[in-house]
Every structure is written in C-alpha cells, then in structure tokens.
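Colleague: Sharing a structure with you now.
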Amino acid sequence: MPDLIHNLEAVRQRIALAAQVAGRDPRAVTLLAVSKTFPAEDVRAAHAAGQHAFGENYLQEALTKLDALADLRGSIEWHFIGPLQSNKTRPVAERFDWVHSVDRLKIAQRLAEQRPAGLPPLNVCVQVNVSGEASKSGVAPGEAAQVARAVAALPTLRLRGLMAIPEPIGSIEAQRAPHRVLRELFEQLRADGLALDTLSMGMSGDLEAAVLEGATMVRIGTAIFGAREYSN
Ligand SMILES: *Cc1c(COP(=O)(O)O)cnc(C)c1O
C-alpha cells in the first residue's frame, strides 16, 4: 500500500508546516487516522508505518475491525468519533480508549457505568456544535461547561477536551472562524478550572485552519486512506 504510506507522510508534513506557521511545536498536534469504511488491512499498514491512534464512526464496522486487529491490542489506541446512541454505549465503554462524541449527560453516565473496572478511565471529549444549524450533533456552546463538569465528576471517565466538526468549506481564513469559537470556549473552560488538554478539530479539508487555531488532535481520513465509498 505505497499510496497509504505516502499519504501518511504527506499529512505529517502538512501538520508540521501548519505548526511551523503557527509558531507551535508539531509534536503538540496528535494525528488521529480516521479509518471508517476502510479495511483492517489498511489500519495494519498504517500502524506498521508508525501510526498508532485510529478513529472509527460506525460501531458495528469498528468492532469487526477491532476483532481483526486483536493481535495489535496494546499498541493501537481506538477513538470512537461517531454519533452514539444511548443503547449502543456498552461496547464503546468496553473496547475503546477515547470517545470524542459525547453530546449529552445520559451518554456520559452510561459510558461511566459500563466502563469495566479493570480498565483505565475512558478519555472523553465533549462534542460542541460550533456552526449552529449546519450540524445537528453536539451541545450548544453555552451548554458545554455544564456537560464538561458532569463528565469530569464521573470517576471512570477522564474529561480531556472539546471536539467539533465544522464543515470544511471556504478559504483557510473562513475555516478558522468555527475553530476559533471552539478554541475560545476551550480556553474559557480551562480558565474556569476544568483540566482540559485536548482540542479535537480539523479534518482533511481544514487541517491547516485547525492547527492555526490551536488544535491538539486532528482527525484525518480521506487524505490518508483515500476517498470513501459508502455501500448505501
Ligand atoms: C469522517 C470523519 C473525519 C475525517 O474526515 P476526512 O474529511 O475524511 O478527513 C473526521 N472527524 C469525524 C467526526 C468524521 O466523521
């Protein structure tokens, strides 16, 4: 899979360049490879090329992939980044390391109850809807503090930060606006005493804008694995 290896390196270079422009340490930006719709073999190839954090959106697909890659358990970090229904939280609590898409208290409570006692706390980002009506998922910015505090109080969860999925359209300058909203909210919550260290924002089309606005984790699918094809 020469393309994949080449793409991975190109994405690392994009992160490094954007960090340089922003005057930031490129090591402060973690690359999350979003492998949804791509087979376990692609994840294995990316892992062999030094990629360790992978993001998945669709639970059933993800669980099949986790099974196929069980031999790599311990050296892969799995992040659930998709919409989460409250009746599907258990396998996420049991098998993932991170969840980026917590957007209501009920989901956080279920994940906390279902996180097995032998595992470290589940890392959680609260998803925020920074672009108003464009996307329906995520808490309103004004509600983020309340949900974040509730997550922080749950012992089997570890509150890490905030996540957003603004539509990656327009110029870099235009793309920066929603990322700035999330970053300012992040700074506000930190100033209010919440111990956040993760700003999860930026995809293939707006990685640079996100890094310029302070992203600490970018979630990149297409630019690494290629265009996705959905079967339905
Ligand atoms: C699919 C997806 C990504 C990756 O998007 P690309 O444009 O393919 O890089 C990032 N974050 C979330 C939440 C996604 O669903």
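Residue 1 is where the sequence shown starts when you use full-length UniProt numbering, and the numbers rise one by one after that.
Even for Gly, the Cβ is constructed at its ideal location relative to N, Cα and C.
Please read all numbers here as calculations on a predicted model, not as lab measurements.
With DSSP run on the structure shown, which of helix, strand or coil describes L84?
Modeller: In this structure, L84 counts as coil in the three-state DSSP scheme.
Colleague: Hey, is G202 close to ligand 2, as in C-beta under 8 Å from one of its heavy atoms?
Modeller: Annotation note on ligand 2: not contained in the displayed structure, which lists ligand 1 as its ligands.
Colleague: Going by beta carbon distance, what residues of the same chain come within less than 7 Å of L185, once the five residues before and after it are set aside?
Modeller: V128, P141, A144 and L162, listed in sequence order.
Colleague: Which residues bound the alpha helix (DSSP H) around E143?
Modeller: Counting along the chain, E143 falls outside any alpha helix (DSSP H), and DSSP gives it neither H nor E.
Colleague: Is there at least one non-hydrogen atom of ligand 1 closer than 8 Å to the beta-carbon of R228?
Modeller: R228: yes, Cβ under 8 Å from ligand 1.
Colleague: Exposed or buried, what is K136 when buried is set at 16 or more other beta-carbons lying within 10 Å of its beta-carbon?
Modeller: The residue in question, K136, is exposed, as its Cβ has fewer than 16 Cβ neighbours within 10 Å.
Colleague: How is R27 classed by DSSP in three states: helix, strand or coil?
Modeller: Helix.
Colleague: Compute the minimum distance between the beta carbon of G221 and the heavy atoms of ligand 1, and state whether it is under 8 Å.
Modeller: G221 Cβ: within cutoff of ligand 1.
Colleague: Verify whether the separation of the beta carbon atoms of L66 and R110 is less than 9 Å.
Modeller: No.
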